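Worksheet for the structure shown next.
Protein chains: 4
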Amino acid sequence: MSHATTARFSGVIPPVATPLKLDGSIDHGSLERLVDHLVSAGVDGLFALGSTGETAYLTDAQRVSVSRTIVDAASGRVPVISGAIELTSVRTSEVARMLCATGVDAIVTTAPLYAINSVTEVAAHFRAVAAAIDVPLWAYDVPVRVHAKLGLDLLMQLATEGVLHGVKDSSGDDIAFRRLVAANAAAGRPLQLLTGHEVVVDAMALAGADGVVPGLANVDAAGYVRLWDATTRGDWETARAEQERLNQLFEIVFQPVGLSGDATGVGAFKAAMKAQGLIATATVANTVEAVDADAVERITAILRSLEMLPAAS
Amino acid sequence: MSHATTARFSGVIPPVATPLKLDGSIDHGSLERLVDHLVSAGVDGLFALGSTGETAYLTDAQRVSVSRTIVDAASGRVPVISGAIELTSVRTSEVARMLCATGVDAIVTTAPLYAINSVTEVAAHFRAVAAAIDVPLWAYDVPVRVHAKLGLDLLMQLATEGVLHGVKDSSGDDIAFRRLVAANAAAGRPLQLLTGHEVVVDAMALAGADGVVPGLANVDAAGYVRLWDATTRGDWETARAEQERLNQLFEIVFQPVGLSGDATGVGAFKAAMKAQGLIATATVANTVEAVDADAVERITAILRSLEMLPAAS
Amino acid sequence: MSHATTARFSGVIPPVATPLKLDGSIDHGSLERLVDHLVSAGVDGLFALGSTGETAYLTDAQRVSVSRTIVDAASGRVPVISGAIELTSVRTSEVARMLCATGVDAIVTTAPLYAINSVTEVAAHFRAVAAAIDVPLWAYDVPVRVHAKLGLDLLMQLATEGVLHGVKDSSGDDIAFRRLVAANAAAGRPLQLLTGHEVVVDAMALAGADGVVPGLANVDAAGYVRLWDATTRGDWETARAEQERLNQLFEIVFQPVGLSGDATGVGAFKAAMKAQGLIATATVANTVEAVDADAVERITAILRSLEMLPAAS
Amino acid sequence: MSHATTARFSGVIPPVATPLKLDGSIDHGSLERLVDHLVSAGVDGLFALGSTGETAYLTDAQRVSVSRTIVDAASGRVPVISGAIELTSVRTSEVARMLCATGVDAIVTTAPLYAINSVTEVAAHFRAVAAAIDVPLWAYDVPVRVHAKLGLDLLMQLATEGVLHGVKDSSGDDIAFRRLVAANAAAGRPLQLLTGHEVVVDAMALAGADGVVPGLANVDAAGYVRLWDATTRGDWETARAEQERLNQLFEIVFQPVGLSGDATGVGAFKAAMKAQGLIATATVANTVEAVDADAVERITAILRSLEMLPAAS
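Chains as they are written, first to last, in our numbering: chain A, 30 to 342; chain B, 30 to 342; chain C, 30 to 342; chain D, 30 to 342.
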């Protein structure tokens, strides 16, 4: 595998939300503006088609169009990594190649879904996908969705082989993450290690993360850029203060009542982004429940209290 | 939804294995022979593209070709239900429509994968898929793969609405299944209820199942036909004796050592089918580990001891 | 281990509820009457201090007094097996010996609680408890409480060693139970195998269970005696009809709304028993929520509709 | 509840291992020396009878004797909090009162074990235990053993009521912990919040933890004292360096092969403590598997490489 690109992903890499029109189709105009907004805020890269991007709810054609719009809007200013989330390796490879054709700098995928596989088979899955593409492959560790954790030995073995170039860790297991950081350092840092947990970025930076994929950066990208910059300067008190401010903002995701995980997270982000004027509608993907007006009001109030709304609001 | 077909699925409905060539491509010749063998043995219907059919490992094009071969080979002698296993409703609907075009009599799907959905959203998912197709929709309840159980209230609500016409229950939860049987009976039997557990068919028939989807019927279809016939006559002692014989045969799936669930189940079935001359190779899907020669020998010995091998073996 | 008693437990072995006074203390008078009622109804044994007996909520002194009252009230008419549910083997052995002193015929225990043990350690646990007592030891497999399943190999190994004499299976895993039945038969039946699931007794009898531990028998012991008798005669249609009637009665446990598993099961049984005049109060153990009056009314209505209330009610 | 003591627990509070003699009885002499060693190293308090203290494997009499020895050896130099780990509130209260009589400054307990309880019932459990004792009550959140997480709303409600005075968080859920820190701060800090995860103390201190309960402090108490001191000075680079050194030491727990969680953690700590001369034998509790000689050699090698062995070794 000689890769055409050698883009590295570190710092703040927002998982870009996928704006939808009222009829559920992709709102490419809003998506372009969102990408431009994020890049202008100083983010270091973009993560297309992640869970926040509602990729599970998109057809392959939609995935390709979203990835292309993001790559085009980024226009080389920052690298783009795109999620190929599928059942197994043959299907993942198929989607990954489609996404590569849109110009992304890297692909990220999970262990197989629906399958009941051994660690040996999960390793074979990542090897097969890596062999099918000509950009670096990353692993996405998200047990709450995949229902299995990627183990330390598996990740380091695949890193050593050159199959994996990075990990987006959304496992919620900071202890395993810390051990992965240490093992990666001992191996000469073949992996870049990003945390997906936007509420503990200061702590994970101290623990050795190379960056963060914060869904909340769709709402406050500048805040995450300031936070990460503070960690790179070793200014931990400033990092913590910024994190605590962002965590107050994160309370928006707890405002919807009785909704699912998919509805509350992305729904709250989109409600906030609409209130900020970043996107045209807060429409979520088909079959996902909408956040109700009361919750939108509470979300808007949180934004207002943190001075996160445009002047006119 | 006025359905073009009104096929009902009861009795023995094997989940048809997908024979593969050594290079991993579909072995349509073996598949045709397998279908003919199953129909000749007296099965009541065919379940294409289930877990035993390795559908998770197939591309959409392969899924379509497998479904078409099964429908064509069945040639109207028995109805065919086909699995559309995908992440969410838009994608599921897309695959389901492709499969409908191959002439299947019904579609079966699971709750969304990867998504973190509420019961309301799972209901919306089934409604969306049902609205997208013109044949009856069934629910496939397989928590070991989907990581959530379909609840009684959800299933009966969707049955009452006419969204669901049947359930294939592979939940391993016989207590919930018994309660579903009772609720379905009280509601006038809008659902047909099949168990996916081939080792307790006698007991589930006594409990009120309308039929069974036995992976092991790929190896001994005639046995399941005899078993089910006994249950329909109320000859429970004969049913139990046949079940116990089949359960001795089922020990083939415990012969591979250290392999995954996907590798042992389908791998053992295919090894046995090859030993019986039903298929040309025992190749399993890409990235699934092969059953080793020692396990194949033990599987063959079990077949021999139960007189399940052709005379020449 | 030469055991002073050789009592065998098969047929209907109700897990005796522990009647409480309004102040939470043991109502020994009601308990005596309940035991006499159960024995008169024809049950084959009694299971003291199980989950239905709220043993987790009782002090050791209370456990001893409950076990003694049950043994004394049974008065040798049927054997008594008593649950020693504790964290680990030293503690379990201590409680088991106290219970042996009350005259029970067997002890039943689970795998360790709170501990994070290997299968080897779970085996050592059962061996240690068996060595500490002079009556047969049984295993209680209840993963919903212990959070681990007792495996086939472990159970058969301990059976072969003479450590275990029986299993009460409340695992809800009828497939594993069926395989255990077969393995036990192949080994010469060292174990007696009871199912704890009162709603599938007909099916589990067909599958080979030696008996049942039905919590619902506290409410309708005679029904379970009739059901089991039918299975022993091979009259499966009568068994099924009786089971279906009992399952209508079992709907009492779904009447409480928003309560925990411990509150709904035992709470519904006790509410029904009080309505039947079997016990003086429906008080449940300390910190368990009481069933409210509306649910009690619905429970009573179910009893009435099934003609399970005394004439005067 | 007016409490006789007002001890606060912050900083480094090791969960004291329980040294055993070869015959499994408590080695009070080694325990006294261990306590003295820990206090001399500068720890801020002692946690008796936690998971590391193998409390699940001890009789009540042993628990009382261990607690008394620790209290007596501490001799008022640091406060002692003692674990009352039992099935439900009546039993927990009974044990808690026994431990209070040994002079401990606080009691810590988990949600009920074996029970299937609602959040309302878990709250009632903590209230009942708090009402039964005259020292502050803490909650121990350890889902890997209790199989349920203590939620934010529950903890803050009980804190506001004065029922809970602190939480030992071993949930491995740093995201929930961060949110608990924020909610506690907003409520005026009614709770003290300790993390049980010894490998991320620097990060959790940055996140707002009041202290740590590090099992590994049995092996290197001085290291944790230096680490915590650095965090209190805001010297995060020093804290991180110390943490990373301690994490290299923590690799001792990964040296035993094929053993359970209980065997590897405490077993490795005890093997290291014996190699250091802190305790007389590395005996673990009854039915827990011993660490084998090869693993002990690897553990000793890690200690040697980190210069954690006495000069003569």
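All residues carry an ideal CB built from backbone N, CA and C; glycine is no exception.
Only a predicted model underlies this, so the values are computations on that prediction, with no experimental measurement involved.
Note that the C-beta distance between D:D239 and D:S39 is below 8 Å. A distance below 8 Å between beta-carbons, with the five flanking residues on each side excluded, links A:E190 to the following residues of its chain, in chain order: R156. For C:T329, the CB contacts under 6 Å within the same chain, skipping 5 residues up- and downstream, are A304 in chain order. Going by beta carbons, B:A161 and B:S104 fall outside the 8 Å limit. Comparing alpha carbon positions, the residue from C:D203, C:P339, C:I99 closest to B:S200 is C:D203. Three or more beta-carbon pairs drawn from the region 274-281 of chain B and the region 245-252 of chain B are found closer than 8 Å, and the two stretches are therefore classed as touching. Put simply, the region 60-70 of chain D touches the region 98-115 of chain D. At least three CB pairs are less than 8 Å apart. Taking C-beta separations shorter than 8 Å and ignoring five residues to either side along the sequence, the partners of D:L338 in its chain run A304, Q305, T329, L332, following chain order. Here the region 260-272 of chain C does not lie against the region 299-319 of chain C, with fewer than 3 beta-carbon pairs under 8 Å apart. Contact check for C:V45 and C:I99: beta-carbon distance about 6 Å, within the 8 Å limit, so the pair qualifies. In the three-state reduction of the DSSP assignment, A:Q221 falls in the strand class, which pools E and B. Judged by DSSP secondary structure, C:G195 falls within the beta strand (DSSP E) whose first and last residues are 195-198. Relative to the Cα of A:T88, the nearest Cα in the group B:G58, B:R120, B:R207 belongs to B:R120.
The region 170-189 of chain B makes contact with the region 143-159 of chain B; the number of CB pairs closer than 8 Å reaches 3 or more. Residue environment analysis places D:S80 among the buried positions, since at least 16 neighbouring C-beta atoms fall within 10 angstroms of its C-beta. For B:V151, the enclosing alpha helix (DSSP H) starts and ends at 148-161. Put simply, the CB of A:E271 is far from chain D, with every gap to its CB atoms at 8 Å or more.
Closest in C-alpha terms to B:A70, from the list B:K299, B:G263, B:Y253, B:S289, comes B:Y253. Among the residues facing chain A, B:A246 is not included, as its CB has no counterpart in that chain under 8 Å away.
By the criterion of at least three beta-carbon pairs nearer than 8 Å, the region 202-219 of chain C is in contact with the region 222-229 of chain B.
The residues A161, I162, in chain order, have a CB closer than 7 Å to that of C:R126 in the same chain once the five nearest residues on each side in sequence are set aside.
Between the beta-carbon of A:L75 and that of A:V109 there is about 5 Å, and that keeps the pair under the 8 Å contact cut.
Secondary-structure assignment with DSSP links D:A168 through a beta bridge to D:T138, D:V196.
Taking 8 Å as the CB threshold, A:G237 stays off the interface with chain B. Within the region 54-139 of chain C, the complete beta strand (DSSP E) segments of 3 residues or longer fall at 75-77, 109-112, 135-138, listed in chain order.
A:V45 carries a coil assignment under DSSP once its states are collapsed to helix, strand and coil. Under the Cβ distance rule, C:G263 counts among the residues neighbouring chain B, one pair being separated by less than 8 Å. Any Cβ of chain D closer than 8 Å to the Cβ of C:I204 would place that residue at the interface, and such an atom is absent. Distances from the CA of D:R218 to each of D:T293, D:A188, D:R207, D:V137 were compared; the closest alpha carbon is that of D:A188. For D:E271, the enclosing alpha helix (DSSP H) stretches over residues 265-279. Shown here for B:P48: same chain residues with a beta carbon closer than 6 Å to its own, the five before and five after excluded, namely D56, S59, L60, I308 in chain order.
Per DSSP, A:T316 is not a residue of any alpha helix (DSSP H), being assigned neither H nor E.
When DSSP states are grouped into helix, strand and coil, D:G240 belongs to the strand group.
D:D291 places its beta carbon less than 8 Å from that of C:A144. Secondary structure at A:D202: strand, using DSSP grouped into helix, strand and coil.
In the three-state DSSP reduction, B:G40 falls in the strand class (E or B).
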